[in-house]
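Under the numbering used here, residues 25 to 300 are what the sequence shown spells out, in order.
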Amino acid sequence: MSTPLPIPGLEIDPPSQLAWPDKLLSNNNTDVCRRTGEPDQPRVFTWTLPAWVVQLTSGKFFNTCPQAGVCGGPLCYAVAPGSSYRRLPNVLAAHVRNLELVLGEPQEWERRMKAELRGRRYQGPNVWVRIHDAGDFWSDAYLLSWLRIARSAPHVRFYCYTKAISRFLRLVKPDQPANFLWCASLGGKEDHLVDREHMRHADVFPTVEALESAGYSDQSASDLLAVLGDQRVGIPANRGTAKKFGASFGELQRQRDEQLRAKNARARQRAALAAA
Ligand code: SF4
C-alpha cells in the first residue's frame, strides 16, 4: 500500500479500513447517449462523488464543490430533497466511499483507476468516462490525478463539467490531453472567468423554452452533447428543482455577484467616511 498523501486544508484521520470495490467506475450506458452523431453507440462509465458539503464517516465535513455558487444547496440536483443521491442511503454511502478512497489513499486510487481502464471492459471504439455525476475538482492534486489517468488511457475519452474555472484554465488549458474534454458550468463563484462568446459552457434553465430563447442548445438527448455539440449548452432543470428558480443559474449568479459588489462598495464607502 502507498503512504497516504496529506490533503491541503483537510485533516483527515488515516482510514483504518478502505473497502476497495471491484470496479471504481459504474456503467452508465443508458440510451440517453444515442444522439451524438457518432457512428458507434457510446459506452459511458461514471465516477461519482457526493455533492457539495458532505459528512465523512469520521464525522468531519468536506466540500467537494468549493467553487459552487448559487448551484449549491437546494438548487443542486444531487442535494435537493427527493434526489436519489440523498434519498437512497446506499447511493450516498457509495459516493462517500468514493470520496474517502481518494482522500485516504490518492496514489493507490490513481493506480487502481489506471489499471481498471486497461481492462477489457474499456476497450472499443466509443468508450467514455464521465468524471462526476456530482461533486467537482476540489484541488489541484485531484485534477492532476485525472489528467495523468487520461494520458494513461488514450483509448478512452473523458469528459466533465466544472465550476473550478481558474483551476482548469491554469492546469488543463495549456496542455490539454486530446481525450480530456470539459465544459465550464455556470452558477459558480468563478462565472466571471467564463468567456461566454468563446468558451464551451453550460447553463441550467427552468425550462427548455427558456434555454432556447437564450440561444442555448438543449443537451437532453445526450449528455455527451455537453462536449460534442454546440458550445452553448443548455440544461433544463429537473422536475424536482425547476419550480425553485425563475432564471438560469448563470443569471442567478450574476445577480448574486452584483449584490455582493454593491455591498462591498457600500462597506468601502463607509470605511472611507469613517477614516475621513
Ligand atoms: S457543482 Fe454541481 S454537484 Fe456541486 S453543488 Fe453545484 S450543482 Fe451540486
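Beta carbons: idealized from backbone N, C-alpha and C, even for Gly.
Within 10 Å of its beta-carbon, does residue i have 16 or more other beta-carbons around it, so buried, or fewer, so exposed?
{"i": "THR27", "result": "Annotation note: pLDDT 38 at THR27 (below 50); position unreliable, no value reported."}
{"i": "ASP55", "result": "For ASP55, the pLDDT reaches just 45, beneath the cut-off of 50, and the residue's location in the model is therefore unreliable, although a value from the coordinates is still provided. ASP55 comes out exposed."}
{"i": "ASN122", "result": "buried"}
{"i": "ASN288", "result": "exposed"}
{"i": "HIS156", "result": "buried"}
{"i": "ARG292", "result": "exposed"}
{"i": "LEU284", "result": "exposed"}
{"i": "GLN277", "result": "buried"}
{"i": "SER246", "result": "buried"}
{"i": "PHE85", "result": "exposed"}
{"i": "LYS213", "result": "buried"}
{"i": "GLY96", "result": "buried"}
{"i": "ASP215", "result": "buried"}
The ligand SF4 and residue i: does any heavy atom of the ligand fall closer than 7 angstroms to the residue's C-beta?
{"i": "GLY159", "result": "yes"}
{"i": "ALA75", "result": "yes"}
{"i": "GLY274", "result": "no"}
{"i": "VAL103", "result": "yes"}
{"i": "LYS197", "result": "no"}
{"i": "GLY96", "result": "yes"}
{"i": "LYS84", "result": "no"}
{"i": "ALA250", "result": "no"}
{"i": "LYS138", "result": "no"}
{"i": "LYS187", "result": "yes"}
{"i": "ALA92", "result": "yes"}
{"i": "ARG184", "result": "According to the sequence as given, residue 184 is Cys; it is not Arg. No; taking the cut-off as 7 angstroms, the Cβ of CYS184 has no heavy atom of the ligand SF4 nearer than that."}
{"i": "CYS89", "result": "yes"}
{"i": "CYS100", "result": "yes"}
So what does residue i bridge to, in DSSP terms?
{"i": "ASN51", "result": "PHE69"}
{"i": "PHE273", "result": "Answer is none; PHE273 lacks a bridge partner."}
{"i": "ASN87", "result": "VAL77"}
{"i": "ASP247", "result": "Paired residue(s): none; ASP247 is not in a bridge."}
{"i": "SER241", "result": "VAL257"}
{"i": "ARG181", "result": "TRP152"}
{"i": "PHE192", "result": "Its beta-bridge partners do not exist; DSSP assigns none."}
{"i": "SER209", "result": "ALA226"}
{"i": "THR2", "result": "In the structure displayed, the chain extends from 25 to 300; residue 2 sits before or after that span and is not available."}
Determine whether the Cβ of residue i lies closer than 8 angstroms to any Cβ atom of chain B.
{"i": "PHE269", "result": "Included in the structure is just one protein chain, with no chain B present."}
Quiz item: Counting pairs of Cβ atoms below 8 angstroms between the region 237-245 and the region 173-185, do you hit three or more?
Solution: no
Quiz item: Is it true that the region 158-166 meets the region 70-85, where meeting means three or more beta-carbon pairs spaced less than 8 angstroms apart?
Solution: yes
Self-check item: Complete runs of the alpha helix (DSSP H) confined to the region 123-165 [at least 4 residues]
Solution: 130-141
Quiz item: Are the region 133-145 and the region 95-111 touching, with three or more C-beta to C-beta distances below 8 angstroms?
Solution: no
Quiz item: Below 8 angstroms, can you find three or more Cβ-Cβ pairs linking the region 227-240 to the region 192-201?
Solution: no
Quiz item: Per the contact definition of three or more C-beta pairs closer than 8 angstroms, is the region 120-139 in contact with the region 179-193?
Solution: no
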